[in-house]
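Q:
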Amino acid sequence: MAVARINCSSLQNTLCFLNPLHHSFSSKATHLRTHLHFRRRAVFCTGAANSAVRDCNEAATAEPFVLTTPLYYVNAPPHMGSAYTTIAGDAIARFQRLLGKRVIFVTGTDEHGEKIAAAAAANGSRPSDHCDVISQAYKTLWKNLDIAYDKFIRTTDPKHEAIVKEFYSRVLANGDIYRADYEGLYCVNCEEYKDEKELLDNSCCPMHLKPCVPRKEDNYFFALSKYQKLLEEILTQNPDFVKPSFRLNEVQSWIRSGLTDFSISRASVDWGIPVPNDSKQTIYVWFDALLGYITALSEDFKEPNLQTAVSSGWPAALHLIGKDILRFHAVYWPAMLMSAGLSLPKMVFGHGFLTKDGMKMGKSLGNTIEPNDLVQNFGSDAVRYFFLKEVEFGGDGDYSEDRFISIVNAHLANTIGNLLNRTLGLLKRNCQSTLVIDSSIAAEGIKFKDDVEKLVENARVHYENLSLSSACEAVLGIGNAGNSYINERAPWSLFKEGGAASEAAAKDLVIILEAMRIIAIALSPVTPSLCWRIYSQLGYSKDQFDAATWNETKWGGLKRGHVTSQPKPVFTRIENQTEVENGVEAAKKVVKRKEKQPQPQRVVEA
Ligand code: MSP
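This is how it looks when you write it as structure tokens:
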């Protein structure tokens, strides 16, 4: 590998650009930390003169909570691995909305580069037609999975091209782009030159298990090495920038081991954004795609430029990504932003992989699960719940259909669904579906209420910390406590006794239903459609459900005289019968599902 390195003396310029008041390295770095980056308000520098004014104006405007998923490659339709980040992002976005924040949840598709062009060619399509089809497949999947995104950015959108070119020009003006020859081993699937030390036998990429190809190109380079010290300092001062913390260690060790400038253009790739003033080269797909996070914020009625896009919500509060693309987000991206004088995102969270038999699920290994099939067979709530509850967010998790069925049946159908259904049935039979007492009065001195309050507070803290599995666990704990309560109290027997016992039973039903109301809000980030069905059964309208906030998880919402709806199951149990035939046990799934023929592979694998 040979890179013609430049003598990077423009760090000084970069930092002066960010803050003309400070001239020594350390004071500039401190300024970056304390005044430009990691703040909740969107602050950026497009020039020193007006930054202070902008700073003040921005203080007055409500700051949105911007979170992003990766922008997915459109070389192939989405699989369960790609859906995972978006499900998690949607749950976090919904939770933040419950807290009353103005959320901008960004997702989209990454449509340029060699591997997309190859996928289109293999498919006999023009790249743009190919991108339209696959991008639409993502949108359809998000609809099926109840994903409520606010912005969907396609990197082939013309407004994105304008922003990428403007950003490139800024970085160039800052002295951080130079031209050089590059020779190395390239993984087309990663769209990245690889360090030979990272490769397996036969120069195979450890992620895609395919040989990397030797490449030699005359490219434009980004002077990443200039930012090494600054990045080190930033990560030391802001350990929350990379989460979970074990991934921070990984990033710090990459940086410590030395950062190499990387090539940000391709001479051999047509399908991309042309480099300003050099139409023979296109901009490297990662340099292009990362900027999609900013373009996504630009509003259609405003001229697409960096300033208007940034002022609509940058910096992002959270980039959710898989661990394989951590280096791009935690090293390349902050350096690029610093070079262009823009604020850094507040957090990059690198989750683990969904695996099948221990291997990363992905198109190249052919071990994927089709998320649309899962939704069609089991419903969006089951899919969302299983992956968020069963995979600790941050670590890897294996999928098995048996486990899937047993978890969603136990938690959603039994613990939550049955408890609601039998309580509403008892209320209908014994109290004409009408609550006899305020839930706050009913629960006076009852330990179950204290337990629910603790559990829902735990759930809030876990959601805040992105511990999505633990948040589910805490809400499920309310269901478990409710089942224990109803079983101990046995209101069905108390009703038979009549008199005071019957009154106590009617009170018990109010207590359980109040807990169900709290579950319906607290689990709604994870299973929105199920929670709406619970809310509706409890006698509330869709508008009331949509307007609910986390504040309403406080005990005491259900009042005397409130009438509940006709009870009907909110989550149908998935059947998984074991039949014994001729003395041989054969596991036969009789889940209500349509048998699906394997789909022909239409596109090149990811
Ligand atoms: N296009 C880039 C991202 C650019 S962001 C500016 C990309 N795309 S991807 O489609 O290959 O991957 C998108 C995301 O899906 C990554 O975060 C990746 O980690 C995630 N997943 C792909 N397979 C996965 C699993 N098997 N499990 C969990 N997530 C995985 O990279």
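Under UniProt numbering, think of the first position of the sequence shown as 1, with each following residue one higher. Note that the Cβ used here is the ideal one computed from N, Cα and C, for glycine as well.
1. Can you give the Cα-Cα distance for Arg41 and Ala309, rounded to whole angstroms?
2. For Ile441, does the count of other Cβ atoms within 10 angstroms reach 16, so buried, or fall short, so exposed?
3. Is it the case that the CB of Pro345 approaches a heavy atom of ligand 1 more closely than 7 Å?
4. Put Val285 into one of helix, strand or coil per three-state DSSP.
5. So who's on the other strand from Val452, going by DSSP bridges?
6. Within its chain, find whatever has a CB closer than 8 Å to the CB of Ser406; leave out the 5 residues flanking it on each side and keep chain order.
7. Give the secondary structure of Met361 by DSSP, where H, G and I count as helix, E and B as strand, and everything else as coil.
8. Across which residues does DSSP place Asp201 in a beta bridge pair?
9. Please output, in chain order, the residues near ligand 1 using a CB cut-off of less than 6 Å to any non-hydrogen atom of the ligand.
10. Can you tell me which of the three DSSP states Phe222 falls into?
11. DSSP beta-bridge partners for Cys187?
12. DSSP beta-bridge partners for Tyr73?
13. Less than 8 Å between the beta carbons of Thr156 and Tyr138, yes or no?
14. Which term fits Ala505, buried or exposed, when burial requires 16 or more other beta carbons within 10 angstroms of its beta carbon?
15. Based on DSSP bridge pairs, tell me the residues matched to Lys243.
16. Assuming Tyr73 contacts Ile116 (C-beta within less than 8 Å), just tell me the rounded distance between them.
17. Looking only at its own chain, which residues have a Cβ that is under 6 Å from the Cβ of Leu98, when we skip the five neighbours before and after it?
18. Report the CB separation of Val251 from Leu326 in whole angstroms; it is logged as a contact under 8 Å.
19. If Ile437 and Lys507 are in contact, beta carbons under 8 Å, what's the gap, nearest whole angstrom?
20. Considering only DSSP beta bridges, list what Pro274 is partnered with.
21. Which runs of the beta strand (DSSP E), 3 residues or longer, sit entirely within the stretch 350-429?
22. Got a sec? Which residues, its chain only, sit under 8 Å from Ala316 by beta carbon, not counting five neighbours each side?
23. Using 10 angstroms around the beta-carbon of residue 651, count the other beta-carbons present and answer buried if the total reaches 16, otherwise exposed.
24. Among the residues of its own chain, which have a CB less than 7 Å from the CB of Val584, if the five just before and after it don't count?
25. To which residues of the same chain is Asn421 closer than 6 Å at the C-beta, ignoring the five residues directly before and after it?
26. So, with DSSP's three-state summary, where would you put Lys143?
27. Mind reading off the beta-carbon distance from Leu199 to Ser380? Whole number of angstroms is fine, and I expect it under 8 Å.
28. How would you write the range of the beta strand (DSSP E) that Leu342 sits in, first residue to last?
29. Does DSSP put Val563 in a helix, in a strand, or in coil?
30. In this structure, does DSSP put Ala490 in helix, strand or coil?
31. Classify Asp181 as helix, strand or coil using the three-state DSSP reduction.
32. I need the boundaries of the alpha helix (DSSP H) containing Lys159, first residue and last residue.
33. Give the C-beta separation of His208 and Cys187 to the nearest angstrom, bearing in mind that I take them to be a contact with Cβ-Cβ under 8 Å.
34. Name the residue from Lys454, Tyr284 and Asn487 whose alpha carbon lies nearest to the alpha carbon of Glu473.
35. Sorted by chain position, which residues of the same chain lie with C-beta nearer than 8 Å to Trp254's C-beta, five sequence neighbours on each side aside?
A: Reading from the atomic positions:
1. Translated into the one-based positions of the sequence shown, residue 41 becomes position 41. Translated into the one-based positions of the sequence shown, residue 309 becomes position 309. For Arg41, the predicted model reports a pLDDT of 30, less than 50, meaning its position is unreliable; a value from the coordinates is still stated below. Cα-Cα distance, rounded: 14 Å.
2. Residue mapping note: residue 441 aligns to position 441 of the sequence shown, counting from 1. Counting Cβ neighbours within 10 Å, Ile441 comes out exposed, since fewer than 16 surround it.
3. The count along the sequence shown starts at 1 and reaches residue 345 at position 345. Every heavy atom of ligand 1 is 7 Å or more from the Cβ of Pro345, so no.
4. Taking the sequence shown and counting its residues from 1, the one referred to as residue 285 is at position 285. Reduced to three states, the DSSP call for Val285 is helix.
5. As a working note, residue 452 is residue 452 in the sequence shown. For Val452, which the question treats as bridged, DSSP gives no partner whatsoever.
6. Counted from its first residue, the sequence shown places residue 406 at position 406. The residues are Asn576.
7. Here residue 361 is taken as the residue at index 361 of the sequence shown, counted from 1. Coil, per DSSP.
8. One-based indexing of the sequence shown puts residue 201 at position 201. BP columns for Asp201 are empty, so no partner.
9. In chain order, the qualifying residues are Pro70, Leu71, Tyr72, Tyr73, Gly81, Ser82, Tyr84, Thr85, Asp110, Ala289, Leu290, Gly292, Ile321, Gly322, Asp324, Ile325, Phe353, Leu354, Lys360, Met361, Gly362 and Ala606.
10. Counting from one through the sequence shown, the residue named residue 222 turns up at place 222. Phe222: strand per DSSP, three-state reduction.
11. Indexing the sequence shown from 1 puts residue 187 at position 187. Beta bridge pairing from DSSP links Cys187 with Glu192.
12. Within the sequence shown, numbered from 1, the residue matching residue 73 stands at position 73. Partner(s): Asp110.
13. In the sequence shown, the residue the question calls residue 156 occupies position 156. In the sequence shown, the residue the question calls residue 138 occupies position 138. Not closer than 8 Å, so no.
14. Here the question's residue 505 lines up with position 505 in the sequence shown. Buried is the call here.
15. Position 243 of the sequence shown, counted from the first residue, corresponds to residue 243. Answer by DSSP bridge pairing, in chain order: Phe349.
16. Taking the first residue of the sequence shown as 1, we reach residue 73 at position 73. Taking the first residue of the sequence shown as 1, we reach residue 116 at position 116. Right, their Cβ atoms sit about 7 Å apart.
17. For the purposes of this step, residue 98 is identified with residue 98 of the sequence shown, where counting begins at 1. Correct list, in chain order: Thr549 and Trp550.
18. The residue you call residue 251 lines up with position 251 of the sequence shown. The residue you call residue 326 lines up with position 326 of the sequence shown. Taking C-beta atoms under 8 Å as the contact rule, Val251 and Leu326 qualify, at a distance of about 6 Å.
19. Position 437 of the sequence shown holds residue 437. Position 507 of the sequence shown holds residue 507. Confirmed, Cβ separation roughly 6 Å.
20. Numbered from 1 along the sequence shown, position 274 holds the residue referred to as residue 274. For Pro274, the pairing in a beta bridge is given by DSSP as Thr282.
21. Here the runs fully enclosed are 354-356.
22. Start at 1 with the first residue of the sequence shown, and residue 316 comes out as number 316. Cβ neighbours of Ala316 within its own chain (closer than 8 Å, five residues either side excluded): Val66, Leu67, Thr68, Val106, Tyr293, Pro345 and Lys346.
23. The structure shown does not extend to residue 651, since the chain is modelled only from 1 through 606, so no value can be given for it.
24. Position 584 of the sequence shown holds residue 584. A caution first: Val584 carries a pLDDT of 37, below 50, which makes its placement in the model too unreliable to give a value.
25. If you number the sequence shown from 1, residue 421 lands on position 421. The answer, listed in chain order, is Pro567 and Pro569.
26. Along the sequence shown, read from residue 1 onward, the residue named residue 143 stands at position 143. Per DSSP, reduced to three states, the secondary structure at Lys143 is helical.
27. As a first step, residue 199 is located in the sequence shown; it is residue number 199 there, counting from the start. As a first step, residue 380 is located in the sequence shown; it is residue number 380 there, counting from the start. The distance from the Cβ of Leu199 to that of Ser380 is about 40 Å, inconsistent with a contact at the 8 Å cut-off.
28. Position 342 of the sequence shown holds residue 342. Per DSSP, Leu342 lies in no beta strand (DSSP E) and is assigned neither H nor E.
29. Looking up residue 563 in the sequence shown gives position 563. Looking at Val563 - three-state DSSP - the assignment turns out to be strand.
30. If you number the sequence shown from 1, residue 490 lands on position 490. Of the three classes helix, strand and coil, the one that applies to Ala490 here is coil, per DSSP.
31. Position 181 of the sequence shown, counted from the start, is the residue given in the question as residue 181. In the structure shown, Asp181 adopts extended strand secondary structure according to DSSP, grouped into three states.
32. For the purposes of this step, residue 159 is identified with residue 159 of the sequence shown, where counting begins at 1. For Lys159, the enclosing alpha helix (DSSP H) begins and ends at Pro158 to Ala173.
33. Position 208 of the sequence shown, counted from the first residue, corresponds to residue 208. Position 187 of the sequence shown, counted from the first residue, corresponds to residue 187. With a Cβ gap of about 6 Å, His208 and Cys187 count as contacting.
34. Looking up residue 473 in the sequence shown gives position 473. The shortest C-alpha separation from Glu473 is found at Lys454.
35. Taking the sequence shown and counting its residues from 1, one reaches residue 254 at position 254. Apart from the 5 residues on each side of it in sequence, Trp254 sits with its Cβ closer than 8 Å to the Cβ of Arg327 and Val331 in its chain, given in chain order.
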